[in-house]
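> Whatever position you read off the sequence shown (first residue = 1), add 16 for my numbering. Beta carbons are placed, not taken as given, at the ideal position from N, Cα and C, and that holds for glycine. The structure presented is a predicted model; accordingly, all values stated were derived computationally and were not measured.
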Amino acid sequence: MSAGAPIPLEEAQARLCALASPLPPVSVEAEKALGFYLADEPTARRTQPGSDLSAMDGYAVRADDLAGPWTVVGESAAGHPFGKALKAGEAVRISTGAIMPQGAGAVLLQENAVRHGNTVSSNGEGEPSVEHVRRRGFDFSKGGALLTAGICIGPAQLALTLAGGNATLPVHTRPSLAVIDSGDELSADPANCDVHQIPASNGAAIAAMATPLVSQIHRIGPVRDQVEALLESLQAASDADVIVTSGGASVGDHDLVRPALEEWGATIEFWRVAIKPGKPLLVARRGKQIVLGLPGNPVSSFVTAYFFLLPLLRKMAGARNFLPVSTPLACNTPLPAGGSRAEFLRGRIVGNAVELIEERDSSALRALAGADVLIGRDIDAPSTKAGDVVPTYRIHNGGIA
């Protein structure tokens with residue numbers, strides 16, 4: 017295929033993600049669903065709270081009997097309710113989270129109470145209030161939807177579904193991934209590199225970024241710059257839902273990923289994207305398998321994995337929102353006008369703002385490791401002055417979240 021003009025970032029993302037669909041749903045134990053995306057809306061199997069509860073420690077009284085004093089006739093503790101109806105002139109000592117006695121509708125806070133024997137009254141700093149009562153079903157009611165399909169189950173979502181009475185949850189299967197490092201210059205042993213070699217680090221970084229989104233990762237390589245060796249590695253990855261190659265996707269004499277893919281029987285969907293770094297991105301398909309050919313320079317590999325691999329994996333894993341979302345931040349550093357490609361600059365967070373890391377070389381891992389965000393610069397973006405707001409993409413955790 018001819019190279020043609022590089023295609024815009026948004027078009028390339030849309031074309032890539034259009035190749036994939038969420039994988040089939042499965043039912044798993046709720047506590048094993050952490051990090052998975054919901055395939056359906058779980059509903060509440062119970063009402064929360066199931067009764068009116070006290071939100072504070074104090075004394076429960078009737079809502080039509082707020083003046084006091086009151087005679088204390090018992091106690092309601094969490095898990096141990098007071099079993100009688102409350103009459104006018106009576107109060108029940110109550111703990112946070114305990115069931116309000118029948119007839120009670122307000123709570124006098126402990127710090128506003130004065131008690132002598134079985135008589136309690138207000139100290140004048142606060143009266144009994146209905147605001148200290150958690151009404152039955154204020155959180156959720158039986159039969160109502162708890163969460164929306166396509167969201168990721170985190171600790172809070174897990175707690176909600178368990179509180180709603182769900183022992184199992186419907187989630188999407190995660191895709192499997194194969195990561196192929198290629199290049200004659202790569203050494204599998206980072207502690208023993210000849211002068212003409214560099215440690216193979218791209219595959220490790222890509223796998224680390226992808227781990228929370230996949231069911232398994234098959235690491236392959238480093239693979240020699242030979243079509244036969246690449247064909248052998250592709251065949252070894254033939255069971256993976258997604259294959260990622262790092263290196264060999266450009267136009268040099270030793271960039272052989274594209275011809276190897278074509279000989280393997282893959283169809284090249286598109287090649288070259290108008291971004292910097294990361295222009296020589298390649299996307300191919302073979303049957304249901306999707307192949308991403310990422311550039312070999314480590315920063316280019318990281319950036320293209322962030323903007324292409326992670327969204328693809330999120331979609332296949334069932335995410336409702338799978339594209340990265342930018343956060344606007346003031347930039348303490350003036351930025352020059354953009355060029356013919358969207359550019360992503362490394363930046364670090366300083367207070368509530370971001371500052372540019374000047375190093376832009378696509379091989380500079382130290383600058384990448386010191387970055388909190390990528391600063392987005394659109395094609396032909398106007399220059400900015402210090403203090404102007406720019407879009408940023410958080411990468412301190414690899415862009416996983």
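How should residue 323 be labelled, buried or exposed, when 16 other C-beta atoms within 10 angstroms of its C-beta is the threshold for buried?
The sequence position of residue 323 within the sequence shown is 307, counting from 1. Flag for residue 323 reads buried.
> Span of the beta strand (DSSP E) holding residue 64?
Within the sequence shown, numbered from 1, the residue matching residue 64 stands at position 48. That residue, residue 64, is in no beta strand (DSSP E); it is neither H nor E in DSSP.
> Give the DSSP bridge partners of residue 5, in chain order.
Nothing can be reported for residue 5: it is not among the residues displayed for the chain, which extend from 17 to 417.
> So, residue 59 versus residue 159, is the Cβ gap smaller than 7 Å?
Numbered from its first residue, the sequence shown carries residue 59 at position 43. Numbered from its first residue, the sequence shown carries residue 159 at position 143. Cβ atoms of residue 59 and residue 159: closer than 7 Å.
> Quick one: grab the DSSP three-state call for residue 363.
Position 347 of the sequence shown holds residue 363. It is a strand residue.
> Bridge partners for residue 106 per DSSP, in chain order?
Mapped onto the sequence shown, residue 106 falls at position 90. Paired residue(s): 87.
> For residue 57, which of 34, 185, 42 has the nearest alpha-carbon?
By 1-based counting over the sequence shown, the position of residue 57 is 41. Among 34, 185, 42, the Cα nearest to that of residue 57 belongs to 185.
> Answer yes or no: the CB of residue 319 versus the heavy atoms of the ligand SAH, is any distance below 6 Å?
Within the structure as shown, the ligand SAH is missing, as the structure has no ligands at all.
> Measure the alpha-carbon distance for residue 417 versus residue 240 and round it to whole angstroms.
Indexing the sequence shown from 1 puts residue 417 at position 401. Indexing the sequence shown from 1 puts residue 240 at position 224. Residue placement at residue 417 cannot be trusted, given a pLDDT of 49 that sits under 50; the coordinates are not used to answer.
> Specify, as a first and last residue, the run of the beta strand (DSSP E) that residue 77 falls within.
For this step, residue 77 is matched to residue 61 along the sequence shown. Per DSSP, residue 77 belongs to the beta strand (DSSP E) from 74-77.
> Three-state secondary structure (DSSP) at residue 407?
For the purposes of this step, residue 407 is identified with residue 391 of the sequence shown, where counting begins at 1. Correct three-state label for residue 407: strand.
> Using the rule of at least 16 other Cβ atoms within 10 Å of the residue's Cβ for burial, across every protein chain shown, is residue 382 buried or exposed?
Counting from one through the sequence shown, the residue named residue 382 turns up at place 366. Burial call: exposed.
> What does the alpha-carbon distance come out to for the pair residue 18 and residue 328?
Here residue 18 refers to the residue found at position 2 of the sequence shown. Here residue 328 refers to the residue found at position 312 of the sequence shown. Reliability of the predicted coordinates at residue 18 is poor, the pLDDT of 46 falling under 50, and the value obtained from them is presented with this limitation in mind. Their Cα atoms are separated by approximately 25 Å.
> With three or more C-beta pairs closer than 8 Å as the rule, is the stretch 146-160 touching the stretch 84-92?
Because the criterion of three Cβ pairs below 8 Å is not met, the stretch 84-92 and the stretch 146-160 do not touch.
> Taking the alpha-carbon of residue 202 as reference, which of 81, 368, 249, 213 has the nearest alpha-carbon?
The residue labelled residue 202 in the question sits at position 186 within the sequence shown. Here the closest residue by C-alpha is 213.
> Please go through the stretch 150-232 and give each complete beta strand (DSSP E) segment of 3 or more residues, from N-terminal end onward.
Correct list: 184-188, 192-198.
> Excluding five sequence neighbours on each side, which residues of the same chain lie with their C-beta closer than 7 Å to the C-beta of residue 134?
Translated into the one-based positions of the sequence shown, residue 134 becomes position 118. These residues qualify, in order along the chain: 87, 88.
> Near residue 209, which residues of its chain fall below 7 Å by C-beta distance, leaving aside the five closest residues on each side in sequence?
What you label residue 209 is simply residue 193 of the sequence shown in a count that begins at 1. Here the set comprises 203, 215.
> For residue 305, does the three-state DSSP call read helix, strand or coil?
Sequence index remark: in the sequence shown, residue 305 carries index 289 (1-based). Strand.
> Find the nearest neighbour of residue 48 within the set 75, 174, 275, judged by alpha-carbon distance.
Taking the first residue of the sequence shown as 1, we reach residue 48 at position 32. Per the Cα distances, 174.
> When you compare each of 131, 123, 247, 132 to residue 143 by their alpha carbons, which one comes out closest?
Position 127 of the sequence shown, counted from the start, is the residue given in the question as residue 143. Nearest option by C-alpha distance: 123.
> In whole angstroms, what is the alpha-carbon distance linking residue 193 and residue 341?
As a working mapping, residue 193 is identified with position 177 in the sequence shown. As a working mapping, residue 341 is identified with position 325 in the sequence shown. Taking the straight line from one Cα to the other gives about 24 Å.
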